[in-house]
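Data first, discussion second: the structure below is written as structure tokens.
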Amino acid sequence: GQSLEQPSEVTAVEGAIVQINCTYQTSGFYGLSWYQQHDGGAPTFLSYNALDGLEETGRFSSFLSRSDSYGYLLLQELQMKDSASYFCAALYNFNKFYFGSGTKLNVKP
Amino acid sequence: DTEVTQTPKHLVMGMTNKKSLKCEQHMGHRAMYWYKQKAKKPPELMFVYSYEKLSINESVPSRFSPECPNSSLLNLHLHALQPEDSALYLCASSPDEGGSSYEQYFGPGTRLTVT
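Going line by line, the protein sequences match chains W and Z.
Counting from 92, one number per residue, gives the positions in the first sequence under the numbering used here.
Counting from 606, one number per residue, gives the positions in the second sequence under the numbering used here.
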């Protein structure tokens, strides 16, 4: 499968802004998604970028730069409930989704 | 209905047993997926069905056998598993309509333990 790189862990305080980066391989790449997964839960879809630029969905925004093979998820006004693992997932040919290594976000009061 | 359901929630099986995992969605999605997830690791793609046909098998051992009886159902048949196959097995679906395949809906998963 394809390799996607993310930082393993990020810590921030309530109300802060945090950015989680993701780099991916370009061969056959269609677009980049982001998923949130709480301990013991299933991944839930947050955002998707097919084109370069910023997509905003409430407190969450996602960015893609195809020329840099890079994207990020931006979380604003952090809340305690945002403590979870965040995965980037790249879509390749034939509906192949490959997930990044995951970033554990710890939000502290 | 935006839900993907999976049964059973938990399964304990011996290495000589045969069991099946079931997944169902009623969103009209035409792509369905099986993933395996070990603790503190990302989901790993196993199989992709597109329009009820197997389109991707990510070199999964033959002791895992997928089946798509119709557009709403996906099964994963298990036989002669190994302890290292113990994991959370996630089913997902997506619309698979040109540009709208990007969002996957995941079921809650089946927690499998092989003894």
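Beta carbons are placed, not taken as given, at the ideal position from N, Cα and C, and that holds for glycine.
Under 8 Å by Cβ, that's how I've got residue i and residue j pegged, so tell me the actual separation to the nearest angstrom.
| i | j | result |
| --- | --- | --- |
| residue 643(Z) | residue 692(Z) | 5 Å |
| residue 617(Z) | residue 711(Z) | With a Cβ gap of about 22 Å, residue 617(Z) and residue 711(Z) do not count as contacting. |
| residue 655(Z) | residue 636(Z) | 5 Å |
| residue 102(W) | residue 197(W) | 4 Å |
With a threshold of 9 Å between beta-carbons, can residue i be considered close to chain W, or not?
| i | result |
| --- | --- |
| residue 712(Z) | yes |
| residue 677(Z) | no |
| residue 638(Z) | yes |
| residue 708(Z) | yes |
| residue 647(Z) | yes |
| residue 660(Z) | yes |
| residue 616(Z) | no |
| residue 695(Z) | yes |
| residue 655(Z) | yes |
Pick out whichever of the options has its Cα sitting closest to the Cα of residue i.
| i | options | result |
| --- | --- | --- |
| residue 172(W) | 97(W), 191(W), 105(W), 95(W) | 105(W) |
| residue 119(W) | 187(W), 198(W), 200(W) | 187(W) |
| residue 668(Z) | 720(Z), 707(Z), 624(Z) | 624(Z) |
| residue 621(Z) | 659(Z), 666(Z), 683(Z) | 683(Z) |
| residue 634(Z) | 688(Z), 719(Z), 690(Z), 673(Z) | 673(Z) |
Between residue i and chain Z, is there a C-beta pair that is closer than 9 Å?
| i | result |
| --- | --- |
| residue 115(W) | no |
| residue 102(W) | no |
| residue 187(W) | yes |
| residue 161(W) | no |
When DSSP builds the beta bridges, which residues end up paired with residue i?
| i | result |
| --- | --- |
| residue 617(Z) | 718(Z) |
| residue 196(W) | 101(W), 175(W) |
| residue 697(Z) | 638(Z), 711(Z) |
| residue 188(W) | 182(W) |
(request) Pick out the complete beta strand (DSSP E) segments inside the segment 110-174 of chain W, 3 residues or longer, and give them in chain order. (result) 120-128, 135-140, 144-148, 151-156, 161-166
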